[in-house]
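Structure first, then comments.
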Amino acid sequence: MSEKRYVILITDGDEYAKRAIERVAKDYGGRCISSSKGNPTVLPGPEIVKLIKKAKNDPVFVMFDDSGFIGEGAGETALKYVANHSDIEVLGIIAVASKTRQAEWTRVDVCIDKFGELTPYGVDKFGVPELEMGRMNGDTVYCLDELDVPVIVGIGDIGKMAKRDDYSQGAPITKKAVEIIFERSGYHG
Numbered sequence: 003m004s005e006k007r008y009v010i011l012i013t014d015g016d017e018y019a020k021r022a023i024e025r026v027a028k029d030y031g032g033r034c035i036s037s038s039k040g041n042p043t044v045l046p047g048p049e050i051v052k053l054i055k056k057a058k059n060d061p062v063f064v065m066f067d068d069s070g071f072i073g074e075g076a077g078e079t080a081l082k083y084v085a086n087h088s089d090i091e092v093l094g095i096i097a098v099a100s101k102t103r104q105a106e107w108t109r110v111d112v113c114i115d116k117f118g119e120l121t122p123y124g125v126d127k128f129g130v131p132e133l134e135m136g137r138m139n140g141d142t143v144y145c146l147d148e149l150d151v152p153v154i155v156g157i158g159d160i161g162k163m164a165k166r167d168d169y170s171q172g173a174p175i176t177k178k179a180v181e182i183i184f185e186r187s188g189y190h191g
């Protein structure tokens, strides 16, 4: 049996997200699978699992993106494969809001607004709390309710939110989401 790898899944994969996640992974001694970046995700789940297993340290941060396609796209297919793999222990998911208003939403355990404050309400891509409690819209969140994970933390558009989450400032909103995931999953890497 293989050694379990501890991962955090992120539902965004653009260049801003990559920079923010790389910064946060470095700050926590983890690794970011930078090649999982893509809008949409191009690597299939089995290839992502191979890369996770090769990563030097845990936690391993992995990005998934559907580029706004409705329904289960490549990003969600890969995310589900990784999340359900027997060698992977998902610590939590950072669900990233988008402007998608069609049918894609997910339940979230907690959200972080653009000021870094916790809120029980969903947030939009700018990190502004919305009206629905415990639910938010995004473009790669279609399958999250099907997964058994310790915590789903919702945030605005990662690495952005009017530069409040910029990697050059340490991506503080993303960092706070990771801290919540560590706390609620019991991970002490």
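Okay, so the sequence shown: first residue is 3 according to this note's numbering, each after it adds one.
The C-beta atom is built at its ideal place from N, Cα and C for all residues, glycine as well.
Counting along the chain, residue 166 sits inside no alpha helix (DSSP H), nor does DSSP assign it H or E at all. DSSP places residue 125 in the uninterrupted beta strand (DSSP E) bounded by 123-125.
Uninterrupted beta strand (DSSP E) stretches at least 3 residues long and entirely within the stretch 9-67 occur at 62-65, given in chain order.
Taking the CA atoms as reference points, residue 117 sits about 8 Å from residue 166.
The beta-carbon distance between residue 51 and residue 89, rounded to whole angstroms, is 7 Å. This is short enough to meet the 8 Å contact definition. Contact check for residue 114 against residue 14 fails: the beta carbons are separated by 8 Å or more. Residue environment analysis places residue 59 among the exposed positions, since fewer than 16 neighbouring C-beta atoms fall within 10 angstroms of its C-beta.
Under the criterion of beta carbons closer than 8 Å, residue 156 and residue 110 qualify as touching, at roughly 4 Å.
Beta-bridge partners of residue 120 (DSSP): 114.
For residue 185, the enclosing alpha helix (DSSP H) stretches over residues 174-187. Bounds of any beta strand (DSSP E) do not take in residue 78; it lies within the alpha helix (DSSP H) bounded by 76-85. In this structure, the CA atom of residue 151 is about 25 Å from the CA atom of residue 101. Rounded to the nearest whole angstrom, the CA to CA distance from residue 138 to residue 186 is 20 Å.
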